[in-house]
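The sequence shown begins at 7 in this note's numbering and counts up by one. Notes to accompany the following structure.
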Amino acid sequence: MIRDDYLINENTLALLPAKQTDFDTNVMETAQKIKVRKTSLELIKAACYSEWVTYEGRRQAVIHHTSFKRKVPIPINIRKGIYFFPTHSPASIYNSWISYHHIDKIKTNACSPTKAMIIFCNGLKLSVNISYHILDKQMKRTFECMYRMKRTLNY
Numbered sequence: 007m008i009r010d011d012y013l014i015n016e017n018t019l020a021l022l023p024a025k026q027t028d029f030d031t032n033v034m035e036t037a038q039k040i041k042v043r044k045t046s047l048e049l050i051k052a053a054c055y056s057e058w059v060t061y062e063g064r065r066q067a068v069i070h071h072t073s074f075k076r077k078v079p080i081p082i083n084i085r086k087g088i089y090f091f092p093t094h095s096p097a098s099i100y101n102s103w104i105s106y107h108h109i110d111k112i113k114t115n116a117c118s119p120t121k122a123m124i125i126f127c128n129g130l131k132l133s134v135n136i137s138y139h140i141l142d143k144q145m146k147r148t149f150e151c152m153y154r155m156k157r158t159l160n161y
């Protein structure tokens, strides 16, 4: 079954590009996979709107406080600790959005050294088409964003 819409929540692990004609995003949750007709960026923007903020506003605030200019992590819901980071430019058809708090560990993909492997807290694995170094950098940037926001907002 293909859904027309989806709201990012505490169970969302990743938003993956589908590259299909009948749907745009594969949503990876803790217990299921969901096909959605909207792009991952549309889902990220909708999740921001559900928190009474805009994607552009969140992005600009993170840029202002961290000086990150590209592949900016996005705080979706600060109170619930829902932060996502992109693997590529958000406009890229190859981009995936990954939930920071669900990651247990990362490593180089043994089958393809130019790719990284994410192991989620529930044991699920996801191979991503970026290097370990880039994935590690994105995780560190997301942690810095989260740390600065919590310190500033006293969460």
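Think of the CB as a built atom: it goes at the ideal place given N, C-alpha and C, for glycine as much as any other residue. Nothing here was measured: the structure is a model prediction, and the numbers come from that model.
DSSP on Leu47, reduced to helix/strand/coil?
helix
Along the chain, where does the beta strand (DSSP E) containing Phe90 start, and where does it finish?
Ile88 to Pro92
Going by beta-carbon coordinates alone, are Tyr34 and Leu49 separated by less than 9 Å?
One point to set straight first is that residue 34 is Met, not Tyr, in the sequence displayed. Not in contact: Met34 and Leu49 (Cβ atoms no closer than 9 Å).
Is the Cβ-Cβ distance between Lys77 and Ser95 less than 9 Å?
yes
Pull up the CB-CB distance for Asn15 and Glu57, whole angstroms please, since I reckon it's below 8 Å.
Contact flag wrong, Cβ pair sits at about 12 Å.
Three-state secondary structure (DSSP) of Thr31
strand
Could you compute how far the alpha carbon of Ile104 sits from the alpha carbon of Ser73?
21 Å
What do you get for His70, buried or exposed, if any count of 16 or more other CB atoms within 10 angstroms of its CB means buried?
exposed
Since I believe Tyr100 is in contact with Thr148 (beta carbons under 8 Å), could you give me their beta-carbon distance rounded to a whole number of angstroms?
Between Tyr100 and Thr148 the Cβ distance is about 19 Å, and since that is not below 8 Å, they are no contact.
If we call anything under 9 Å between Cβ atoms a contact, is Lys121 one with Ser98?
no
Mind checking which residues open and close the beta strand (DSSP E) that includes Thr114?
Ile109 to Thr114
Quick one: what's Val42 bridged to in DSSP?
Arg9 and Thr31
Can you grab the Cα-Cα spacing for the pair Met123 / Lys146, in whole Å?
16 Å
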